[in-house]
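Protein chains in written order, with the numbering used here: chain R, 1 to 214; chain H, 215 to 428.
Backbone N, C-alpha and C fix where the C-beta goes; we use that ideal spot for every residue, glycine too.
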């Protein structure tokens, strides 16, 4: 085998079609029906979801305004990928159908229900199910939606999607989300020094100020 | 806004072009030049890489055999994504060019150099640089390469890509990789009970037995 000299340009991959493809998925996503949170029916599948806030909490007033006519501005975007996806131990065709996306929405519903200042009935969700080989696209769709919408709980306030760190790891600090929306039992156990609520609120206000209708 | 009844089929996204696109990226990857490890030159970029083993360690003899004529079977596949990618805080066009992929290869070189039974000169690497909006595709390319090649250090033996867990977290056990290739300083500090070396070796033999030329 001949060893070639180093030439960076031989390693650069570019495919314009990929960008178009992600745009197509985002368009599809924005056309899917909006449902209450958690989903009214249990369903099978993995994919990408968005949560929309429509309530009256004054710190999120900007979302009420932005979503007045249609749900365009999620407060959070997330994904549920097939088990074993990271290690790719199993081919997608072998993956047993899972209710992972549905369960993720339920889990978020519990966080919202326990968070001070939030009312589950004020939330709506959208989701897209991506199956089989297409599931490799889940991360790309999620990233595109986050980039496009800069959802506050992804890009401005950390911690909504966090899990109980478990025994022996409570030396961490409460996340910014848990500072604003106290109430998750495991978050109350954390011993680290969290950020000041006033600082977090200022950063929320700043983030929302910059969200604009395209 | 009219709330629609729940209909799963309205949420399923499918795009055949995506599967073709990932195949195209994999073909490009397999055509890129092979280089020694670490890369002979520093370069800018994020993307996907693969490591190939060509040495004489008998537990990896199957790789020597499989890669005799061309480098088709990586022992490890990994990715380096732009900073802030997970939160998508920054658009890719704003990302400062980074040497993350290059640094990842250097980091792996250090792990290999300290691992018992391994010789850095027996490794080769391949990598593809994926830039700008295309960087959302990095995870999909990595997943496809892992699924296709079932690299031993991704799919059969855990831990090669691990990092020093840091102070206060040494209660974990050494990974299977560190059981077979002792020597990483931080891994030697771990206090948990690792798997038996004989079990790990048996699982390696079993994994490699099933790797086949397509």
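CA-CA distance, residue 115 of chain R and residue 171 of chain R?
21 Å
Residue from H:273, H:312, H:345 and H:356 with nearest C-alpha to residue 391 of chain H:
H:273
Inter-residue Cα distance where the pair is residue 49 of chain R and residue 118 of chain R
19 Å
The alpha helix (DSSP H) enclosing residue 242 of chain H, as first and last residue numbers:
230-244
Beta-carbon spacing of residue 342 of chain H, residue 261 of chain H below 8 Å
yes
May I ask you to check if the CB of residue 397 of chain H is nearer than 7 Å to at least one heavy atom of the ligand GDP?
Ligands in the displayed structure: none, and consequently the ligand GDP is not present.
For residue 415 of chain H and residue 366 of chain H, I'd like the C-alpha separation in whole angstroms.
12 Å
Am I right that residue 243 of chain H and residue 355 of chain H are in contact with their C-beta atoms under 8 Å? What's the rounded C-beta distance?
7 Å
List the residues of chain R that residue 235 of chain H touches, going by C-beta distances under 7 Å, in chain order.
15, 17, 18 and 21
Using the three-state DSSP reduction, which class does residue 78 of chain R fall into: helix, strand or coil?
strand
Anything in chain H within Cβ reach of residue 40 of chain R, meaning under 9 Å, just list it in chain order.
219 and 220
When you compare the stretch 2-13 of chain R with the stretch 251-258 of chain H, are there three or more beta-carbon pairs, one atom per stretch, that lie closer than 8 Å?
yes
8 Å Cβ cutoff, residue 139 of chain R in contact with chain H
yes
Chain H contacts made by the stretch 123-154 of chain R, where a contact means CB separation under 7 Å
127, 128, 129, 130, 131, 133, 134, 136, 137, 139, 140, 143, 144, 146, 147 and 154
Chain R contact residues for residue 247 of chain H, given Cβ-Cβ distances below 7 Å:
4 and 10
Identify every residue that forms a DSSP beta bridge with residue 379 of chain H.
DSSP lists no partner for residue 379 of chain H.
Residue 43 of chain R CB to nearest chain H CB: under 8 Å?
yes
Which residues does DSSP pair with residue 249 of chain H in a beta bridge?
H:339
Just to make sure I have the definition right: I need the residues of chain H whose C-beta is within less than 7 Å of the C-beta of residue 24 of chain R. Which are they?
229
For residue 34 of chain R, collect the residues of the same chain with a Cβ closer than 8 Å to its Cβ; drop the 5 residues on either side in sequence, then sort them by chain order.
52, 71, 124, 125 and 126
Quick one: which chain R residues come within Cβ less than 8 Å of residue 242 of chain H?
13
Tell me which residue opens and which closes the alpha helix (DSSP H) that residue 277 of chain H is part of.
275-280
For a quick check, are the C-beta atoms of residue 13 of chain R and residue 399 of chain H less than 8 Å apart?
no
What distance in whole Å lies between the Cβ atoms of residue 15 of chain R and residue 235 of chain H, which are believed to be in contact at a cut-off of 8 Å?
6 Å
Which residues in the same chain as residue 308 of chain H place their Cβ atom closer than 6 Å to its Cβ, once the five residues preceding and following it in sequence are excluded?
Summary for residue 308 of chain H: the model assigns pLDDT 48, below 50, so the residue's position carries little reliability; its value from the coordinates is reported in the next sentence. Cβ neighbours of residue 308 of chain H beyond the five flanking positions: none.
Quick one: is residue 352 of chain H buried, meaning 16 or more other Cβ sit within 10 Å of its Cβ, or exposed?
buried
Assuming residue 207 of chain R contacts residue 175 of chain R under a Cβ cut-off of 8 Å, what Cβ separation, rounded to an integer in Å, is found between them?
Residue 207 of chain R to residue 175 of chain R, Cβ: 15 Å. No contact.
Which of the three DSSP states is assigned to residue 13 of chain R in this structure?
strand
Going by CA-CA distance only, name the one from H:281, H:335, H:350 and H:323 that's closest to residue 17 of chain R.
H:350
Could you check how far apart the C-beta atoms of residue 38 of chain R and residue 109 of chain R are, in whole angstroms? I think they sit under 8 Å.
4 Å
Relative to the C-alpha of residue 81 of chain R, which residue among R:189, R:56, R:150 and R:102 is closest?
R:102
Terminal residues of the beta strand (DSSP E) in which residue 173 of chain R lies
Counting along the chain, residue 173 of chain R falls outside any beta strand (DSSP E), and DSSP gives it neither H nor E.
How would you write the range of the alpha helix (DSSP H) that residue 285 of chain H sits in, first residue to last?
Unbroken run through residue 285 of chain H: none, as it is neither H nor E.
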